[in-house]
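Student: Residue 2 is where the sequence shown starts when you use this note's numbering, and the numbers rise one by one after that.
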Amino acid sequence: MGTTTKIRPRALVRASGGPRYAVALAVDALGTGLLRPFLLLYGVMVLRLSAPATGIAMTAGIVVGLVCMPAVGRWLDRGARSTVVAASMLVRALGVALLLATPAGLVWPFAAAALVLGVGNQAWPAAHAALVATVAHGRERDTALAAGRALRNAGLGVGALLATACLAGGTTALRAMAVATGIAYLTAATLAWSVHLRARPAAAPAEDGTATGPAPRMPALLAANVVYVFCLNVPEIALPLVLVTQLHASPVWSAAVFVANTVLVVTLQVPVTVLTSRFPRRTVLAVAGLVLAASYLGFLAATSAGSGWAAPAVAAVSVVCTIGEIIYAGSATALVSALAPAHALGRALARFELSTGFGLAVSPAVITALAPHGPGALWGGLAGATLLSASAVAAEQDRPAGTEGADAPGAEEEGAGKDPGRASAGGDGAVPAGRAGRAVPPG
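#1: I'd like the span of the alpha helix (DSSP H) that includes Ile-238, first residue to last.
#2: Measuring alpha carbon to alpha carbon, tell me which residue in Leu-350, Glu-141, Ile-184 is nearest Ala-25.
#3: Are Ser-356 and Asn-234 closer than 8 Å when you measure CB to CB?
#4: Return helix, strand or coil for Ala-128, following the three-state DSSP convention.
#5: Given that a residue counts as buried once 16 or more other Cβ atoms are within 10 Å of its Cβ, and exposed if not, what is Val-230?
#6: Where Val-271 and Ala-148 are concerned, what is the direct C-alpha to C-alpha distance, given to the nearest angstrom?
#7: So the candidates are Gly-56, Pro-126, Phe-39, Arg-49; which of them puts its Cα closest to the Cα of Met-70?
#8: Since Thr-103 and Leu-40 should fall inside the 8 Å C-beta cutoff, what is the C-beta to C-beta distance between them, to a whole number of angstroms?
#9: Could you compute how far the alpha carbon of Arg-199 sits from the alpha carbon of Ala-27?
#10: Inspect the beta-carbon positions of Leu-242 and Ile-368 and report whether they are closer than 8 Å.
#11: Any idea if Val-253 is buried or exposed, counting beta-carbon neighbours within 10 angstroms, 16 or more meaning buried?
#12: In the DSSP assignment, what are the bridge partners of Ala-81?
#13: Kindly list the residues whose CB is nearer than 8 Å to the CB of Ala-164, restricted to its own chain and excluding five residues on each side of it in sequence; keep chain order.
#14: For Ala-396, count neighbouring C-beta atoms within 10 Å of its own C-beta (all shown protein chains included) and say buried if the count is 16 or more, exposed if not.
#15: Where does Glu-141 fall in DSSP's three states?
#16: Going by DSSP in three states, Arg-218 sits in which element: helix, strand or coil?
#17: Check each candidate in Gly-325, Leu-298, Tyr-329 and name the one with the smallest Cα separation from Ala-314.
#18: For Trp-310, count the other beta carbons within 10 Å of its own beta carbon; 16 or more makes it buried, fewer makes it exposed. Which is it?
#19: Kindly indicate which three-state DSSP category Gly-411 falls into: helix, strand or coil?
#20: Let's see if you can read the secondary structure: which residues bound the alpha helix (DSSP H) around Val-245?
#21: Is Ser-89 buried or exposed, if buried means 16 or more other CB atoms sit within 10 Å of its CB?
#22: For Ser-251, is the classification buried or exposed, using 16 other Cβ atoms within 10 angstroms of its Cβ as the cut-off for buried?
#23: Please go through the same chain and pick out, in chain order, the residues whose beta-carbon is closer than 6 Å to the beta-carbon of Gly-290, but skip the five residues on each side of it.
#24: Please go through the same chain and pick out, in chain order, the residues whose beta-carbon is closer than 7 Å to the beta-carbon of Val-14, but skip the five residues on each side of it.
#25: Whole angstroms are fine: how far does the CA of Arg-11 sit from the CA of Thr-55?
#26: Using 8 Å as the cut-off, can you tell me whether the stretch 96–115 makes contact with the stretch 56–63, which would need three or more C-beta pairs spanning the two stretches below that distance?
#27: Is DSSP giving Phe-280 helix, strand or coil here?
#28: According to DSSP, simplified to helix, strand and coil, what is Ala-341?
#29: Identify, in the order they occur along the chain, each residue of the same chain with its Cβ nearer than 6 Å to the Cβ of Leu-265, setting aside the five sequence neighbours on each side.
#30: If distances are taken between C-alpha atoms only, which option among Pro-281, Arg-201, Leu-223, Val-267 comes closest to Ala-81?
#31: Does the pairing of the stretch 344–364 with the stretch 216–223 give three or more beta-carbon distances under 8 Å?
#32: Give the secondary structure of Gln-270 by DSSP, where H, G and I count as helix, E and B as strand, and everything else as coil.
#33: Using only alpha-carbon positions, find the residue among Leu-175, Ala-189, Leu-222 that is nearest to Ala-360.
#34: Give the C-beta separation of Arg-142 and Ala-134 to the nearest angstrom, bearing in mind that I take them to be a contact with Cβ-Cβ under 8 Å.
#35: Unbroken alpha helix (DSSP H) runs of length 4 or more, entirely within the stretch 310–383: which are they?
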């Protein structure tokens, strides 16, 4: 399958891991949406911690959680798939349990809960991408990854709306949301584990030794990804900061931008990924950088508009930024999956998630440090860094590794053709095995 020109829902569900796995993703996202946006409030309102202490504990949890990624990559390369996904969800359930057991006024138990939650949050994306790469191949895999992201954003949005409606209940409601989140994580972990999907590692090394070689380094791609992921925090951090504190606009504008971003991602992620499937992934990723840079320059121009037009102009430009985010999200993980050889898929995805996690961790500090120096420093700096990143992505040469070729038309199909087989997803329906190796049920 060189390109995907039609969206077939039933085939897309099978390519994404099957119906039970899709339900697990939805439940997991719903639980995350209930708690993640209000974890800071939980620390401040329920545990009566100071806001700085709560924020530092949450940041430390995210950063330290990245340490688990090399181990996750090696676990995936030994063939584990649904087990790793379920483990990431179970770890987050443990984090919620620690959160509920934290006494008021003590920051260290809260920090421990944030760390455990961070480990689960960091491990999930790589595990999910590896599972999809096992049951789907070629451009069908790209569309399945896009569908997973759309489903996750929908669940996060619904969860956040439910949590917002419950905030009027005060600390009791926050505790109830934490309990509901833990139950959701446990339910999702059970469903994901029941899929019983794993990949069969390469049986023997190739004559040239590539079957046991290292994962592709992808230095330019990983470095560029650190800058690209800043776009994910623009609707949540940069735009509210600019709209409320600099333009003195109503907070309603920030909420509208966030809602519009979520709706656009949910509705357009799959169609845009399908539309761009006719082009090489690396080209699409470079174009995403150009679109994001253009949106940053648009924000720079919008903030210079008159006081009555600045907020509507920022909201309008945010649509362009969201389109860039959608193009980026639909091509970045897919490119890494296409470049990685079968035996090193887990390590390649883990490296990519390390760069993503690092970018997400440092972007709030960078954005808040640049904003006081004016729109030129913030938006001009982001635009320049993103343009450099897009140039680096376009200039980096793909080096084939093992059975995986460069990101060119037909490369995925050639790799998949050398390892024919069928995947079993716990009875959810058999689909063609991906290039991560033949998928087999345990036992």
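Even for Gly, the Cβ is constructed at its ideal location relative to N, Cα and C.
Tutor: So, to answer that:
#1: Unbroken run through Ile-238: none, as it is neither H nor E.
#2: Cα-wise, what sits closest to Ala-25 is Ile-184.
#3: no
#4: helix
#5: Of the residues assessed, Val-230 falls on the buried side of the cut-off, its CB having 16 or more other CB atoms within 10 angstroms.
#6: 6 Å
#7: Pro-126
#8: Rounded, the Cβ-Cβ distance is 12 Å, inconsistent with contact.
#9: 21 Å
#10: yes
#11: exposed
#12: Arg-199
#13: Gly-34, Leu-35, Leu-36, Pro-38, Phe-39, Met-178
#14: Exposed, by the Cβ-count rule.
#15: helix
#16: In this structure, DSSP gives Arg-218 a state outside helix and strand, which the three-state scheme calls coil.
#17: Leu-298
#18: Result: exposed.
#19: The predicted model places Gly-411 with a pLDDT of 36, which falls under 50 and marks its position as unreliable; any figure quoted below should be read in that light. Coil at Gly-411, not helix or strand.
#20: Where Val-245 is concerned, there is no enclosing alpha helix (DSSP H), given that its DSSP letter is neither H nor E.
#21: Taking a 10 Å sphere around the C-beta of Ser-89, we find 16 or more other C-beta atoms and assign the residue as buried.
#22: exposed
#23: Thr-387, Ser-390, Ala-391
#24: Answer for Val-14: Pro-20, Ala-23, listed in chain order.
#25: Those two C-alpha atoms are separated by around 44 Å.
#26: yes
#27: coil
#28: coil
#29: Thr-323
#30: Arg-201
#31: yes
#32: helix
#33: The sequence shown places Gly at residue 360, rather than the Ala named in the question. Per the Cα distances, Leu-222.
#34: The pair is a contact, with the Cβ atoms about 6 Å apart (cut-off 8 Å).
#35: 311–340, 346–371
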